[in-house]
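Reading through the structure tokens given below for one structure.
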Amino acid sequence: MKLGQGRSGPSWRAAELRVLRPGLWLIAAAVVGMLLVEVWEGSRLAQLSLALGQDRTALELARARLAFVRADRERRATRAETAPLAARWGLAPADAKQVIALPSEYLAAGVTPDRDGEPASVLAWAERASRALVPEATARVRAQD
Numbered sequence: 001m002k003l004g005q006g007r008s009g010p011s012w013r014a015a016e017l018r019v020l021r022p023g024l025w026l027i028a029a030a031v032v033g034m035l036l037v038e039v040w041e042g043s044r045l046a047q048l049s050l051a052l053g054q055d056r057t058a059l060e061l062a063r064a065r066l067a068f069v070r071a072d073r074e075r076r077a078t079r080a081e082t083a084p085l086a087a088r089w090g091l092a093p094a095d096a097k098q099v100i101a102l103p104s105e106y107l108a109a110g111v112t113p114d115r116d117g118e119p120a121s122v123l124a125w126a127e128r129a130s131r132a133l134v135p136e137a138t139a140r141v142r143a144q145d
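When we follow UniProt numbering, the leftmost residue of the sequence shown carries the number 1, and every step to the right adds one.
Here's what the structure looks like:
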């Protein structure tokens, strides 16, 4: 009998190696694959959420810019410019009673009439102070989301 080098058994016996089962490798590969898919889905969801947030921000900026441009256009448009457009589009007051012609003194905003050198009364000073301290209530448009 011939003994192998450093072996305790005969040489004709095959060395017993640990048999790696292919089923375990397959299960391990499937688990790793599922984990990778889960990580990929999470990163994709984060990417889409970030893109959605950026798009919403851009939309809000565009809406704000549109509102500013519309308000600026309406401020600059005079009645003489808009009257032909209104007539062409068929826009008119529903009732003739709705048309009001005001004197220009009523249309000037923030201009105080001259008092011919008379000093302002205490009541006028109090009114000015109250307007400076407490802003007047204004109607605001609700955000439509």
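Just so you know, even glycine gets a beta-carbon here, dropped at the ideal spot from N, CA and C. All values derive from a computational prediction rather than experimental measurement.
| Item | Value |
| --- | --- |
| In whole angstroms, what separates the C-alpha of Leu36 from that of Leu48? | 18 Å |
| Tell me the DSSP secondary structure of Pro22 in three-state form. | helix |
| According to the Cβ coordinates, are Ala92 and Ala86 closer than 8 Å? | yes |
| Return helix, strand or coil for Ser121, following the three-state DSSP convention. | coil |
| For Gly53, name the three-state secondary structure that DSSP assigns. | helix |
| Identify whether Ile100 lies in helix, strand or coil by the three-state DSSP scheme. | coil |
| According to DSSP, is Leu91 helix, strand or coil? | coil |
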